[in-house]
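Asks:
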Amino acid sequence: MKSPAHRNRDIERQPGYLKPEHCAPPPPRSSSDTMWFIRDGCGITCGIITWLLVFYAEFVVVFVMLLPAKNVVYSLFNGVLFNGLAFLALASHAKAMCTDPGAVPKGNATKEFIESLQLKPGQVVYKCPKCCSIKPDRAHHCSVCKRCIKKMDHHCPWVNNCVGENNQKYFVLFTMYIALISFHALILVAFHFFFCFEEDWSKCSGFSPPATVILLILLSFEGLLFLIFTAVMFGTQVHSICTDETGIEQLKKEERRWAKRSKWMNMKVVFGHPFSVAWLSPFATPDHGKADVYQYIV
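The numbers in this note's numbering rise by one with no breaks, and the one at position 207 of the sequence shown is 209.
1. Helix, strand or coil: which one does DSSP assign to F285?
2. Are the beta-carbon atoms of K171 and G104 separated by less than 7 Å?
3. Under 8 Å: do the region 129–146 and the region 66–75 share three or more Cβ pairs, one atom per stretch?
4. Indicate whether S207 and V66 have their beta-carbon atoms separated by less than 7 Å.
5. What span of residues does the alpha helix (DSSP H) with S242 cover, start to end?
6. Measure the alpha-carbon distance for R31 versus R140 and round it to whole angstroms.
7. Cutting at 8 Å between CB atoms, please list the residues of its own chain near V106, excluding the five before and the five after it.
8. Would you mind working out which of A111, H275, N85 and W53 sits nearest L182, comparing C-alpha positions?
9. Compute the distance between the beta-carbons of G249 and D155, then report whether it is under 7 Å.
10. Considering only their Cβ atoms, is the gap separating M99 from N163 smaller than 7 Å?
11. Are G237 and L188 closer than 7 Å when you measure CB to CB?
12. Where do the N-terminal and C-terminal ends of the alpha helix (DSSP H) with A98 fall, by residue?
13. Using the three-state DSSP reduction, which class does H143 fall into: helix, strand or coil?
14. Which residue comes first and which comes last in the alpha helix (DSSP H) that contains V272?
15. Given a cut-off of 7 Å, decide if A111 and P284 are closer than it, judged by their beta-carbon atoms.
16. Just mark I50 as buried or exposed, buried being the case when its beta carbon has 16 or more other beta carbons within 10 Å.
17. Just to confirm, are L221 and V62 a CB contact at a threshold of 7 Å?
Here you go:
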């Protein structure tokens, strides 16, 4: 029995499926199209919540735990570290959200464009009936973005975007930095509780003891929840990169039709050639190198 993915591919191979005469030429790009942003209410709400939760952690860490601390070195070191990681986390989130994940040009399944691909005899061309696009290998349609995305892993509402070929690095960095600040916040809360139990609670914070305890408990709950969530997501993404198989491909159990590379080469394809400290920077655009695995370029 064939899988759904194989049945869909068989349908796409049938004569007349492409029907290029039904597709209008793609609209010309304007200056307003240069910035990628998905207008999805749920995704925008989740993105705002993400930033607010980071700002809450910043508030508790800085104003409840670090500023009242007597040890200036302790406060300065942890303040710089936490704020630096939080800045990188938010920068990674913004890049993952506002970077085109690898959208295939919409409406390019025209007769003229198909002819321009100069396909070899017997070569199969796939068309997305939803956005009227010619799909390269490993591209999938996203119902939220309403586009076909190259190497689409999944659509993440927390970054209000798909995770695909062009923004996977930023998504991985976002999960990593959120996990790090969550872990750091939990350590700071543990130290704060330990020291405040030995001293007068009124000297441990500028807030009243009940308010301080409530703020710390909420931060602990937030930190533990997001540490588990982002650490699991980070591990899943790294495994997906090393095996060079996206989440959708794993879910659909699609047949592997692309060249196999080493795990280290797969990491360099996502984070950039060659290995450098730029791998950890959300401001460095990765050079994918000669990693074109598509039968045709669209």
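Even glycine gets a Cβ: it sits at the ideal position worked out from N, Cα and C. Everything numeric in this text was worked out from a predicted model, so none of it was measured.
Replies: Let's see:
1. coil
2. no
3. Verdict: no, contact absent.
4. yes
5. P211 to T245
6. At R31, the pLDDT of 49 sits below 50, so the modelled position is not reliable; the number obtained from the coordinates is stated separately. Rounded to whole angstroms, R31 to R140 spans 25 Å at the Cα level.
7. C130, C133, S135, I136, K137, P138, A141, R149, C150, I151, K152 and V300
8. Ranked by Cα distance from L182, the options A111, H275, N85 and W53 are led by N85.
9. yes
10. yes
11. For G237 and L188, no; Cβs fall outside 7 Å.
12. V74 to C100
13. strand
14. Start and end: K265 to F273.
15. no
16. Taking a 10 Å sphere around the C-beta of I50, we find fewer than 16 other C-beta atoms and assign the residue as exposed.
17. For the 7 Å CB-CB criterion, L221 and V62 form a contact.
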